[in-house]
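Take a look at the structure below.
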Amino acid sequence: MAIYIYSDRKNLAAELVAFAKKEGKESVILAMGAPAEDFQGCGADKILEIGSGPAENYSKALADYLQNHTMELLLAGATLRGRDVAARVAGYMKAPLCADVHSIIGDAGDYIIERMMYGGAVNSRQKLPSGGVATVSSGCFEATSGQSVVETISLKEDLRVQLLSCEPVVRSGEDLSNATRVVSVGQGLKQQEDLALIRQLADAMGAALACSRGVAEERRWLPVEKYVGISGNILSPAVYLACGISGQIQHIYGVRDAKIIVGINNNEQAPIFAASDYGIVGDLYEVVPALIAELQRSL
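The opening residue of the sequence shown carries number 3 in the working numbering; numbering runs sequentially from there.
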């Protein structure tokens, strides 16, 4: 019995392979819309190279393939494309689907999963039977490594939607998913120009810059790929420093696995302090310059 894995992000695929290995199951990465070589190094037992078209175009054919093979689980990374593919395949297979899982453990042939519901207000514990489908958030498992056997298979692509062009989105700054230190800013920042102060702190710490959803989607001061939370980035850095972020549960969900969380807020009742290992009650316009000065002195 094999655990099949789909993700459009290599690091997340490697994390899901680690889970399969822990369960003692064969791990098979599905390379759809990308060459198999993109997933070499993830440590899977096998990589199935399926085709170069959009991954979702193979959903029906993939469902048929999996039903004719020994599928223990289909795990997809909880990215936009991963959720799309998982939902389509589960629908075609009439298989149970658990979305945005943050914990999964084998249990006598079934799997016990945990996931957040109602915007992160409730932690739900459910049983997913063998043969089910789940989308899994990043940071749940320690990524494994190693080379894989590559096998090419032919699946019929649904050509009703065709890819006309593909251009990479130009992104600036460090990849948040790989950052060991993150400085994040919220709506406690008064104006966009003051981002320079937060960037200076991030530089002094050797950290990546992130933000709350409001800063990215409402104020549009930073790109949407920078925001942290239940519908944004799920991070597990060594240090997460939150500046002027209230700390609602939707945001905290995105950094629940950080080793150390530090909160800076002028409201001593802000929820961020309940999630923080260290908290500073004060005006970020006073606290942040003081931190920068101290960090620069220690260099």
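For glycine and all other residues, C-beta sits at the position ideal for the given N, C-alpha and C.
Check, Outcome
"Contact between the stretch 106-119 and the stretch 182-202 is defined here as three or more beta-carbon pairs at a separation below 8 Å; is this criterion met?", "no"
"Over the uninterrupted alpha helix (DSSP H) stretch that includes Ser300, give me the two end residues.", "Leu286 to Ser300"
"Going by alpha carbons, who is nearest to Tyr60 out of Lys27, Val103 and Arg162?", "Arg162"
"Which same chain residues, not among the five before or five after Ser147, have their C-beta less than 8 Å away from its C-beta?", "Ala16, Gly43, Cys44 and Gly45"
"Of the residues Leu14, Leu18 and Lys12, which one's Cα is nearest the Cα of Tyr6?", "Leu18"
"From the beta carbon of Ile254, is the nearest beta carbon of chain C less than 9 Å away?", "Any reference to chain C falls outside this structure, which holds one protein chain only."
"So Leu50 and Ala136 are in contact, right, with Cβ under 8 Å, and what is the actual spacing, rounded?", "Not a contact, Cβ separation roughly 19 Å."
"What does DSSP give as the partner residue(s) for Ile282 in the beta ladder?", "Ile266"
"Considering just the uninterrupted stretch of the alpha helix (DSSP H) at Ile236, what are its terminal residues?", "Taken as a continuous stretch (DSSP letters only), Ile236 belongs to no alpha helix (DSSP H), as it is neither H nor E."
"Run through the DSSP bridge pairs and tell me what Asp86 is partnered with.", "None; Asp86 has no bridge partner."
"Please name the residue in Pro98, Gly246, Ser54 and Ser278 whose C-alpha comes closest to that of Ile263.", "Ser278"
"Return helix, strand or coil for Ala16, following the three-state DSSP convention.", "helix"
"Should Ile247 and Gly284 be called a contact, given that it needs their Cβ atoms to be closer than 9 Å?", "no"
"Taking Leu243 and Ser186 to be in contact with their CB atoms under 8 Å, please state how far apart those CB atoms are, rounded to whole angstroms.", "7 Å"
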